[in-house]
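Report on the structure given below.
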Amino acid sequence: NYHIPHNYLLYLFRLYNHHASCTLLYKKPFVESFEETPLLVAVLTYMGYGILTIFGYLRDFLRDWKFEKCHLAREREEQKDFVPLYQDFENFYTRNLYMRIRDNWNRPICSVPGAKMDLVERVTPDYNWTFEHTGNVLKDVINMGSYNYLGFAENTGTCADAASECTVKYGVGVSSTRQEIGNLDKHEELEKLVAGFLGVESSMAFGMGFATNSMNIPALTGKGCLILSDELNHASLVLGARLSGSTIRVFKHNNMQSLEKLLRDAIVHGQPRTHRPWKKILILVEGIYSMEGSIVRLPEVIALKKKYEAYLYLDEAHSIGALGPRGRGVVDYFGLDPSDVDIMMGTFTKSFGAAGGYIGGKKELIDYLRLHSHSAIHATSMSPPITQQIITSMKCIMGEDGTTLGQERLCQLSENTTYFRRRLHEMGFIIYGNNDSPVVPLMLYMPAKIGAFGREMLKRNIGTVVVGFPATPIIESRARFCVSAAHTREMLDKALNAISEVGDLLQLKYSRKNRHGSEGTDCFSFLESHQD
1 NYHIPHNYLL YLFRLYNHHA SCTLLYKKPF VESFEETPLL VAVLTYMGYG
51 ILTIFGYLRD FLRDWKFEKC HLAREREEQK DFVPLYQDFE NFYTRNLYMR
101 IRDNWNRPIC SVPGAKMDLV ERVTPDYNWT FEHTGNVLKD VINMGSYNYL
151 GFAENTGTCA DAASECTVKY GVGVSSTRQE IGNLDKHEEL EKLVAGFLGV
201 ESSMAFGMGF ATNSMNIPAL TGKGCLILSD ELNHASLVLG ARLSGSTIRV
251 FKHNNMQSLE KLLRDAIVHG QPRTHRPWKK ILILVEGIYS MEGSIVRLPE
301 VIALKKKYEA YLYLDEAHSI GALGPRGRGV VDYFGLDPSD VDIMMGTFTK
351 SFGAAGGYIG GKKELIDYLR LHSHSAIHAT SMSPPITQQI ITSMKCIMGE
401 DGTTLGQERL CQLSENTTYF RRRLHEMGFI IYGNNDSPVV PLMLYMPAKI
451 GAFGREMLKR NIGTVVVGFP ATPIIESRAR FCVSAAHTRE MLDKALNAIS
501 EVGDLLQLKY SRKNRHGSEG TDCFSFLESH QD
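Take the sequence shown: its position 117, counted from the start at 1, is 117 in the UniProt record's numbering, and no numbers get skipped.
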């Protein structure tokens, strides 16, 4: 008997229609979790940064008056009138906040970064400004930080043997570009294999994953073109977009309403001032977002791309090999046609245990990039043993090695991901991302807990990656776990027990959801999850 305003009913009707149309695009449930930060935690996080900032300014005051020594590079007095080399706040952050927890990063490893690894022990005599090695080694640290999704980062087995044989035959370096005398038969074999793996006409390999984005996007778009970029895209995509000289507009993360609004406005209004039609409209998205653990809503993106006749650039750096029943990325995961993606990009640094990147698509696209890509023209060719590592691991995933090892690793990764995420949810942690994503961010929030979590986990022989500003928003610090097929259930249980113990110690179990069951879905939770 409650009176509901007409405009609210209309909003509900439109939202229901949108949800129904989107549901038709998906062949299986698409479940992602981004639990809201508890208000008290947000307030305390801001307070923590406020206190650190106040003490930072106090210490800078003491440094200016020579009461405290500053080890970091600073502008000279005679250069004060020059254009500053450093951004003021980021330099302040590095000097006064990052330096307090710097011991959690750049730890030297002295073994294969597989499921377990060995770390060189180090100490600091001056509060993380410098480090000294003690000569001791921390043995058998469980590696929960490397992107070794399928466990191919190893020094024994088929891949390692093939890479060794290739090194003996070809050497380590090529010392030339592909266009000169650095084009090996191995490179052409790899590109043909990648094209078949992706289900596209042609492909091209590059020696560096970051440069695959940053050097190829400028070859694809330029002045008079429009790039629509997800707000959480990787720095390589952002740099490539900026170097292209195109107009860039950013849409909210994985928000199809935001993307469609930008597409509609671009079609209606055209270029600024002249209102001429855009030469090209290119949508930039990632398969798995490496800091959020979320998976792109690719069926909806493709539907919008077709509706507004835009081009789609898909970065599968983290999803290739890690998603899909055949390990062929987010396109395989959703059961879509590879030809619906105009530019398929990915890297060999994660699931294949190697280095470099690729771009796949139509033959005309690849032929064009061979002549116009800065990375193709000026960069040294991919190292032969790395090329062989990719070929061997990819054939293993495809089953062309005559074994089922690749399929077994894909199944093991999926099982480990589901188990690890479920256990963390049950413990009461706030976990971001999609249920099928092997990238698992655990929210820490408060600045003091970034360093404390990394140190406490290492005390328990667990190697983790903790992440803060500028890689994440300043109040959304987190620990990021990467699940691997190489992890045994025993390793995962040991890591989970350590995480739970440290979570109790640091009071990190912030989640307000039901810890032993799925959260109930009602009209209001549905509305909250679909609001802009």
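Note that beta-carbon positions come from the ideal geometry of N, C-alpha and C, so glycine has one too.
Item                                                                                                                              : Value
Residue burial classification, residue 395 (beta-carbon count within 10 angstroms, cutoff 16)                                     : buried
Rounded straight-line distance, which links the Cα of residue 211 to that of residue 529                                          : For residue 529, the predicted model reports a pLDDT of 39, less than 50, meaning its position is unreliable and no value from the coordinates is stated.
7 Å Cβ shell around residue 421 - same chain, five flanking residues per side excluded                                            : 431, 435, 440
8 Å Cβ cutoff met for residue 254 and residue 297                                                                                 : yes
Where the beta strand (DSSP E) containing residue 284 begins and where it ends                                                    : 281–286
From 259, 282, 144, 217, residue whose alpha carbon lies closest to that of residue 239                                           : 217
Exposure of residue 176, with buried meaning 16 or more beta-carbon neighbours within 10 Å                                        : exposed
Beta-carbon gap between residue 332 and residue 302 smaller than 8 Å                                                              : no
Bridge partner(s) assigned by DSSP for residue 116                                                                                : 142
Residue range of the unbroken alpha helix (DSSP H) whose run includes residue 294                                                 : First-last for residue 294: undefined, no H or E at that position.
Chain-order list of residues whose beta-carbon lies under 7 Å from that of residue 275 (same chain, five-residue window excluded) : 269
CB contact flag (residue 140, residue 497, <8 Å)                                                                                  : no
Cβ pair count under 8 Å reaching 3, the stretch 286–297 against the stretch 224–233                                               : yes
Secondary structure, alpha helix (DSSP H): runs of 4+ residues fully inside the stretch 468–510                                   : 489–506
Nearest candidate by alpha-carbon position, reference residue 43, set 323, 445, 273                                               : 445
Sequence-distant residues of the same chain with beta carbon closer than 7 Å to residue 46, five excluded per side                : 475
Cβ distance (whole Å) where residue 194 is taken to contact residue 358 below 8 Å                                                 : 5 Å
Residue 161 versus residue 28: straight-line alpha-carbon distance, rounded                                                       : 39 Å
Option nearest residue 163 by Cα separation, candidates 246, 425, 353                                                             : 353
Local Cβ density within 10 Å of residue 489, reported as buried at 16 or more and exposed below that                              : exposed
Buried or exposed by the 16-neighbour rule on C-beta atoms within 10 Å, applied to residue 300                                    : buried
Pairwise C-alpha distance: residue 400 and residue 295                                                                            : 28 Å
Backbone CA spacing between residue 189 and residue 291 [nearest angstrom]                                                        : 33 Å
Three-state class that DSSP yields for residue 329 in the structure shown                                                         : coil
DSSP state of residue 133 mapped onto helix, strand, coil                                                                         : strand
The stretch 136–153 touching the stretch 89–105, judged by at least three CB pairs closer than 8 Å                                : no
Integer-rounded CB distance, given that residue 186 should sit under 8 Å from residue 387                                         : 5 Å
Limits of the alpha helix (DSSP H) - the one that residue 49 falls within                                                         : 39–64
Residue span of the beta strand (DSSP E) that contains residue 161, given as start and end                                        : No beta strand (DSSP E) contains residue 161, which is instead part of the alpha helix (DSSP H) from 158–170.
Alpha-carbon to alpha-carbon, residue 361 and residue 346                                                                         : 12 Å
Residue 436 at chain C interface by Cβ criterion, 8 Å                                                                             : Judged by its chain identifiers, the structure shown contains no chain C, having just a single protein chain.
Cβ pair residue 355, residue 438 closer than 8 Å                                                                                  : no
Where residue 437 falls: helix, strand or coil (DSSP)                                                                             : coil
Rounded Cβ spacing between residue 463 and residue 142 (contact assumed at less than 8 Å)                                         : 7 Å
Inter-residue spacing [alpha-carbon to alpha-carbon] between residue 405 and residue 166                                          : 22 Å
Status (buried if at least 16 other CB within 10 Å, exposed otherwise) for residue 507                                            : exposed
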